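Report on the structure given below.
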Amino acid sequence: MLSIQALFIFLAALATTVHGHGAMIAVTGANGVTGAGMGIIASTPRDGSTRNPFEQDTSIIRDREVASGKSGPCGRTLASGVNDVGTNVDGPFHQPLVG
99 MLSIQALFIF
109 LAALATTVHG
119 HGAMIAVTGA
129 NGVTGAGMGI
139 IASTPRDGST
149 RNPFEQDTSI
159 IRDREVASGK
169 SGPCGRTLAS
179 GVNDVGTNVD
189 GPFHQPLVG
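Per the working numbering, the sequence shown starts with residue 99, numbered consecutively.
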(Lines of atoms letter the chains of each structure in order from A and count residues from 1; the text may use other names and numbers.)
(Lines give C-alpha, C1' and ligand atoms only; values in the text may rest on other atoms or scores of the structure.)
Protein backbone atom coordinates (compact mmCIF):
# COMPACT_ATOMS: atom_id res chain seq x y z
CA MET A 1 0.00 0.00 0.00
CA LEU A 2 1.30 3.45 -0.96
CA SER A 3 2.09 5.93 1.76
CA ILE A 4 0.59 9.40 1.56
CA GLN A 5 4.04 10.80 0.76
CA ALA A 6 4.60 8.33 -2.10
CA LEU A 7 1.12 9.10 -3.48
CA PHE A 8 1.82 12.84 -3.35
CA ILE A 9 5.14 12.41 -5.16
CA PHE A 10 3.46 10.24 -7.81
CA LEU A 11 0.71 12.80 -8.40
CA ALA A 12 3.22 15.67 -8.49
CA ALA A 13 5.21 13.81 -11.16
CA LEU A 14 2.09 13.63 -13.32
CA ALA A 15 1.53 17.39 -13.19
CA THR A 16 2.57 19.07 -16.43
CA THR A 17 1.46 22.62 -15.63
CA VAL A 18 1.96 24.62 -12.48
CA HIS A 19 0.01 27.79 -11.73
CA GLY A 20 0.91 30.24 -9.02
CA HIS A 21 1.31 33.88 -8.21
CA GLY A 22 3.36 36.19 -6.11
CA ALA A 23 4.02 39.87 -5.59
CA MET A 24 7.48 41.37 -5.26
CA ILE A 25 6.75 43.88 -2.52
CA ALA A 26 10.35 44.56 -1.46
CA VAL A 27 13.41 43.96 -3.64
CA THR A 28 16.84 45.28 -2.67
CA GLY A 29 19.39 45.87 -5.38
CA ALA A 30 23.17 45.54 -5.17
CA ASN A 31 23.30 49.32 -4.62
CA GLY A 32 21.23 48.98 -1.44
CA VAL A 33 18.14 50.67 -2.89
CA THR A 34 14.88 48.87 -2.07
CA GLY A 35 11.97 48.96 -4.50
CA ALA A 36 8.89 46.98 -5.44
CA GLY A 37 7.78 45.06 -8.50
CA MET A 38 5.78 46.70 -11.27
CA GLY A 39 2.18 47.43 -10.40
CA ILE A 40 2.62 46.95 -6.64
CA ILE A 41 0.33 49.13 -4.50
CA ALA A 42 1.81 49.66 -1.02
CA SER A 43 -1.62 49.82 0.66
CA THR A 44 -2.74 46.38 -0.58
CA PRO A 45 -3.27 44.07 2.43
CA ARG A 46 -0.92 41.04 2.49
CA ASP A 47 -2.58 38.86 5.14
CA GLY A 48 -5.17 36.97 3.09
CA SER A 49 -5.56 34.80 0.01
CA THR A 50 -8.67 35.93 -1.86
CA ARG A 51 -8.56 37.84 -5.12
CA ASN A 52 -10.20 40.90 -3.64
CA PRO A 53 -8.54 42.79 -1.98
CA PHE A 54 -5.34 40.79 -1.49
CA GLU A 55 -4.32 40.12 -5.11
CA GLN A 56 -5.37 43.31 -6.90
CA ASP A 57 -1.76 44.29 -7.63
CA THR A 58 -0.37 40.84 -8.44
CA SER A 59 0.88 40.74 -12.03
CA ILE A 60 -0.95 38.44 -14.45
CA ILE A 61 1.19 37.31 -17.37
CA ARG A 62 -0.50 35.07 -19.92
CA ASP A 63 0.98 34.24 -23.33
CA ARG A 64 -2.40 34.57 -25.05
CA GLU A 65 -2.99 38.04 -23.54
CA VAL A 66 0.46 39.25 -24.61
CA ALA A 67 -0.06 37.83 -28.13
CA SER A 68 -3.49 39.47 -28.45
CA GLY A 69 -2.28 42.84 -27.13
CA LYS A 70 -4.49 42.73 -24.02
CA SER A 71 -1.34 43.07 -21.93
CA GLY A 72 2.32 43.80 -22.51
CA PRO A 73 5.23 41.43 -21.94
CA CYS A 74 5.29 42.42 -18.26
CA GLY A 75 1.62 41.54 -17.79
CA ARG A 76 -1.18 43.45 -16.12
CA THR A 77 -2.79 43.85 -12.73
CA LEU A 78 -6.46 43.89 -11.80
CA ALA A 79 -6.09 47.27 -10.07
CA SER A 80 -3.98 49.20 -12.57
CA GLY A 81 -4.23 47.42 -15.90
CA VAL A 82 -1.21 46.88 -18.16
CA ASN A 83 2.23 47.08 -16.52
CA ASP A 84 3.88 49.82 -18.58
CA VAL A 85 7.67 49.43 -18.54
CA GLY A 86 8.31 53.07 -19.47
CA THR A 87 6.22 54.39 -16.60
CA ASN A 88 7.55 51.95 -14.03
CA VAL A 89 11.24 52.06 -14.95
CA ASP A 90 11.50 55.80 -15.61
CA GLY A 91 10.02 56.75 -12.25
CA PRO A 92 11.37 58.83 -9.36
CA PHE A 93 13.82 56.12 -8.23
CA HIS A 94 15.28 55.44 -11.69
CA GLN A 95 19.02 56.00 -11.82
CA PRO A 96 20.87 55.72 -15.15
CA LEU A 97 23.64 53.15 -15.34
CA VAL A 98 27.11 54.56 -15.08
CA GLY A 99 29.64 52.76 -17.25
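By construction, the Cβ of each residue, glycine as well, lies at the ideal position given by its N, Cα and C atoms.
Just so you know, these numbers come straight off a predicted model, no measurement behind them.
In the three-state reduction of the DSSP assignment, THR185 falls in the helix class, which pools H, G and I. In this chain, ALA113 is not harboured by any alpha helix (DSSP H), its DSSP state being neither H nor E.
Bridge pairing for VAL125: GLY133 [DSSP]. Of MET136, ARG162 and SER101, the smallest CA-CA separation from VAL183 is found for MET136. ALA134 and THR156 do not touch by the CB rule: their CB atoms are close to 12 Å apart, not below 8 Å. For ARG144, the secondary structure class from DSSP, reduced to helix, strand or coil, is coil. Counting along the chain, ALA165 sits inside the alpha helix (DSSP H) bounded by residues 161-166.
Within the DSSP secondary-structure output, ARG174 pairs in a beta bridge with ILE158 and VAL180. For the options PHE106, THR175, ALA113 and ALA110, the alpha carbon positioned closest to that of ARG160 is the one of THR175. Approximately 18 Å separates the beta-carbon atoms of ARG144 and ILE158; this is outside 8 Å, ruling out the contact.
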